[in-house]
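Read through the structure below, which is laid out as structure tokens, and then see the notes.
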Amino acid sequence: MTASSGKFLLVDTSDRIAMVGIYDGDQVLAETRSGHGRPTLSWVCRSISELQDSAETRLGDLKFLACGIGPGGFTSLRIGMSIMKAMGQALGIPLVGVNRLEAAAMGRAILSPSPSAKFLVRLPAAQNLEYMAIYRVDSGKLPVSLRPPAALPPD
Numbered sequence: 000m001t002a003s004s005g006k007f008l009l010v011d012t013s014d015r016i017a018m019v020g021i022y023d024g025d026q027v028l029a030e031t032r033s034g035h036g037r038p039t040l041s042w043v044c045r046s047i048s049e050l051q052d053s054a055e056t057r058l059g060d061l062k063f064l065a066c067g068i069g070p071g072g073f074t075s076l077r078i079g080m081s082i083m084k085a086m087g088q089a090l091g092i093p094l095v096g097v098n099r100l101e102a103a104a105m106g107r108a109i110l111s112p113s114p115s116a117k118f119l120v121r122l123p124a125a126q127n128l129e130y131m132a133i134y135r136v137d138s139g140k141l142p143v144s145l146r147p148p149a150a151l152p153p154d
């Protein structure tokens, strides 16, 4: 499943600031982020409903769903994953997981002038820790983990 496969809904509740967006390929149709603390079930559901209006897109127009799968807080992840799993089953469309660390590595690779590069990805975690991983990304391919993700104290 690729983003060029048509309209899709992305929900990522793995971070302190959650995100909900509707996209058509690589075009942002509508997007919102929570501005205060961990996401709630009601915030995610309300955001999906409001974005449908902004994007002039109904759930039946979606080709697939994408959901942030972490790393992140257990309760926050469950909120996003449970909503998206239920939605995927109800709509009969595929659901794909998006790893935050891999997505960050892909983002850096897209901006890199090198066709093949290694990236250290660091994202904030709870309790003064950081999620870290090392990836190699070759042009047009998915990231390959060179060091598995881990929660470590900052340098």
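Just so we're aligned: the sequence shown equals residues 0 to 154 in numbering that gives the first Met the number 0. Beta carbons are placed, not taken as given, at the ideal position from N, Cα and C, and that holds for glycine. Note that the coordinates shown come from a computational prediction; the quantities given were computed from them, not determined experimentally.
Check, Outcome
"Meets three-Cβ-pair contact criterion under 8 Å: the segment 78 to 85 and the segment 101 to 113", "no"
"Cutoff 8 Å; reference Glu-129; Cβ partners in own chain excluding five residues on either side", "Arg-121, Leu-122, Pro-123, Ala-150, Leu-151, Pro-152 and Pro-153"
"Under 9 Å between C-beta atoms of Ser-115 and Ser-138", "yes"
"Contacts around Val-95, its chain only, beta-carbon distance under 8 Å, and the 5 residues preceding and following it disregarded", "Met-0, Phe-63, Leu-64, Ala-65 and Cys-66"
"Of the residues Arg-15, Glu-30 and Ile-16, the one placed nearest Leu-9, counting alpha carbons only", "Glu-30"
"Where Asp-11 falls, given that 16 or more other Cβ within 10 Å makes a residue buried", "buried"
"Limits of the unbroken alpha helix (DSSP H) element including Ile-78", "73 to 90"
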